[in-house]
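Enquirer:
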Ligand code: PMP
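In the numbering used here, the protein residues as written are 23 to 338.
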């Protein structure tokens with residue numbers, strides 16, 4: 023038994039207040055309750071298990087990953103339990119709270135500019151280069167098939183069990199695409215009528231890509247961990263039926279409601295996911311409840327202006 027055995031088996035809770043009055047229930051999978059505080063614990067353990075089983079990763083080696091912070095924290099737990107060193111390459115945009123947390127668990131944190139995928143300074147390119155130069159193991163969450171697989175085998179299986187096999191739609195954002203691709207594939211195999219919908223920040227190009235096959239214009243947005251200007255290998259368009267675009271302000275306003283009205287202590291991408299899920303539920307016409315996912319917890323965003331603003335207001 024180790025802390026890694028507590029990854030997954032997260033609760034699925036109905037959003038009773040923020041979803042009130044809608045024709046369909048909206049259910050949220052509480053991935054912020056994983057031991058490392060995010061959905062990424064699942065893929066961290068799965069990627070390491072897979073690499074150990076294939077014999078490409080041996081005790082004492084160094085792991086390197088390009089991460090918005092959450093995969094880094096998942097990997098840090100696995101590294102602690104299994105005896106690896108960890109290097110996390112993070113874009114500047116990501117919250118300082120995540121940097122502090124990763125450094126505190128003993129990871130080496132390398133910060134890169136917020137550069138596009140075509141730039142050598144982009145965080146993914148920097149991580150790949152460091153792996154090649156030093157002979158480190160690149161966990162490669164954007165391409166590693168173990169990412170999608172663990173969502174098919176665990177996240178989706180849990181959702182099917184928790185809903186007794188009734189899901190009308192699954193709505194979630196994509197960073198690596200592992201969650202939407204893995205859960206989407208398994209749900210579609212089990213439930214022919216289920217709709218898989220991408221929740222995408224306004225400013226990301228992925229919603230256009232889902233709808234037309236070509237990536238949309240590159241913009242900026244503050245929500246972390248989802249969206250982008252390139253479709254990663256682990257984002258499988260064939261399982262996605264549509265997209266909902268959610269502005270930063272709507273997402274952060276929803277996070278505040280989730281915290282204050284539902285007691286769900288979640289981060290920004292949970293707001294994006296829930297806004298999109300409520301829209302899908304409001305349209306009705308589905309064969310069951312709308313399921314969404316709360317990727318991480320609020321403690322990673324304390325220093326961000328959107329959360330600081332809440333405490334600047336007078337108490338009501
Ligand atoms: N939300 C947050 C906060 C994340 O860090 C991530 C992972 N980058 C996601 C959502 C998206 O998950 P996935 O990589 O499975 O698409």
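All C-beta atoms, glycine included, are put in the ideal place defined by N, C-alpha and C.
1. Pull the bridge partners of residue 107 from the DSSP assignment, please.
2. Using only the heavy atoms of ligand 1, determine whether one of them is closer than 7 Å to the beta carbon of residue 196.
3. I need the boundaries of the alpha helix (DSSP H) containing residue 266, first residue and last residue.
4. Let's test the definition: count the other Cβ atoms within 10 Å of the Cβ of residue 221 and tell me whether it reaches 16, buried, or not, exposed.
5. Could you tell me whether the stretch 77-89 touches the stretch 317-327, using the rule of 3 or more Cβ pairs below 8 Å?
6. Assuming residue 380 and residue 212 form a contact by the criterion Cβ under 8 Å, report the distance between their Cβ atoms to the nearest whole angstrom.
7. Looking only at its chain, what residues have a beta carbon closer than 6 Å to the beta carbon of residue 188, apart from the 5 residues adjacent to it on each side?
8. Can you tell me whether residue 142 is buried or exposed? The criterion is at least 16 other CB atoms within 10 Å of its CB, across all chains shown.
9. Is the stretch 108-128 in contact with the stretch 92-99, if contact means three or more CB pairs nearer than 8 Å?
10. Alpha carbon to alpha carbon, how far is residue 347 from residue 45?
11. Give me the DSSP bridge partner(s) of residue 221.
12. Please report the Cβ distance between residue 234 and residue 50, rounded to the nearest whole angstrom; I am assuming they are in contact, meaning their Cβ atoms lie under 8 Å.
13. In this structure, how does DSSP classify residue 170 when only helix, strand and coil are distinguished?
14. Per the DSSP calculation, residue 160 is bridged to which residue(s)?
Expert: This is what the structure gives:
1. 84
2. Result yes, Cβ under 7 Å from ligand 1.
3. No alpha helix (DSSP H) contains residue 266, which is instead part of the beta strand (DSSP E) from 264-268.
4. buried
5. no
6. Only positions 23 to 338 of the chain appear in the structure, and residue 380 is not among them; the question remains open.
7. 310
8. Classification of residue 142: exposed, given that the 10 Å Cβ count is below 16.
9. yes
10. The structure shown has nothing for residue 347, since the chain only spans 23 to 338.
11. DSSP output for residue 221 lists 266 as bridge partner(s).
12. So it is not a contact: roughly 29 Å between Cβ atoms.
13. DSSP, reduced to helix, strand and coil, places residue 170 within a helical segment of the structure shown.
14. 86
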